[in-house]
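J.: Structure below; questions to follow.
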Amino acid sequence: MLTLDHIAVSAEALGPGTADVEAALGQPLLPGGVHPDMGTHNRLLSFGPDEYFELIAIDPDAPGPDQPRWFNLDEFSGPTRVTNWICRCPDIEAAIAVAPDGIGVPWQLQRADLRWTMAVPRDGKLPFGGLFPALIQWHGDAHPAPRLKDTGVRLAALRLFSPEADALQAALNPLLRDARVTVIAGQAPRIEAVLSTPIGEVIL
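For what it's worth, full-length UniProt numbering labels the leading residue of the sequence shown as 1, then goes sequentially.
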């Protein structure tokens, strides 16, 4: 079974994206780090002890990988917005085996004492137009969420708008039990995150 781990908000550049998110949430994002293997960097926000929010963008000072970057960032443009969600699993190889085709291949990654394996699609594009969750397996006890200052922001709902709603729901049913995640018929794939914040409900 999968467990929601974090959501990813993509931006054309980290600085302007940070300003966009901080203005919407009324909360400062915290320093994240760099992903040398992918040529990306991020900033973070707590969603409580087990979940978090990641703002991610291409790092202009880092070389890219020999394949497209994760989260289809090489083709990203436009407003800062939610583009992906990430679920953790106890056995990523087993999760990949039952996930839809195109979920990706395992990449071993590390930053300081954080160690994880992520399924990264060879073309950078996750199934169902990016609406199927990316898969992650954390190794050891280290995880970003409990290290972040808790400002009271929580993920209240995650809405997946899909032109393949029935097929996406069928793919998720055996893997995920989370009442916050709903699949809605839509003309084009998009993700909407509803956040409970100290300034009220915010939809990204």
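Every residue gets a Cβ at the ideal spot worked out from N, C-alpha and C, and that includes glycine. None of these values were measured; they are calculated from a predicted model.
Do you know how far the Cα of Asn173 is from the Cα of Ala62?
T.: Using only the alpha carbons, I get a separation of about 38 Å.
J.: Report back the beta-carbon spacing between Gly33 and Ile58 to the nearest angstrom; my notes put them in contact at under 8 Å.
T.: Incorrect: roughly 15 Å between the Cβ atoms, too far for contact.
J.: Report yes if the C-beta distance between Val181 and Leu155 is below 7 Å; otherwise report no.
T.: In this structure, Leu155 does not lie closer than 7 Å to Val181 by Cβ.
J.: Tell me the rounded alpha-carbon separation between Gly26 and Glu54.
T.: C-alpha separation (whole angstroms): 16 Å.
J.: Where do the ends of the beta strand (DSSP E) carrying Asp141 lie?
T.: First-last for Asp141: undefined, no H or E at that position.
J.: Taking the alpha-carbon of Ala170 as reference, which of Leu4, Ala8, Leu131 and Arg81 has the nearest alpha-carbon?
T.: Among Leu4, Ala8, Leu131 and Arg81, the Cα nearest to that of Ala170 belongs to Leu131.
J.: Where does Thr117 fall in DSSP's three states?
T.: Here Thr117 sits in strand by DSSP.
J.: Leu4 to His143, Cα distance in whole Å?
T.: Approximately 13 Å, taken between the alpha carbons.
J.: For Gly78, which option in Ile103, Gly200 and Ala13 has the closest C-alpha, if you only look at C-alpha atoms?
T.: When each option's Cα is compared against that of Gly78, the closest is Ala13.
J.: How many angstroms separate the CA atom of Cys87 from the CA atom of Asp20?
T.: So the alpha carbons of these two residues sit roughly 25 Å apart.
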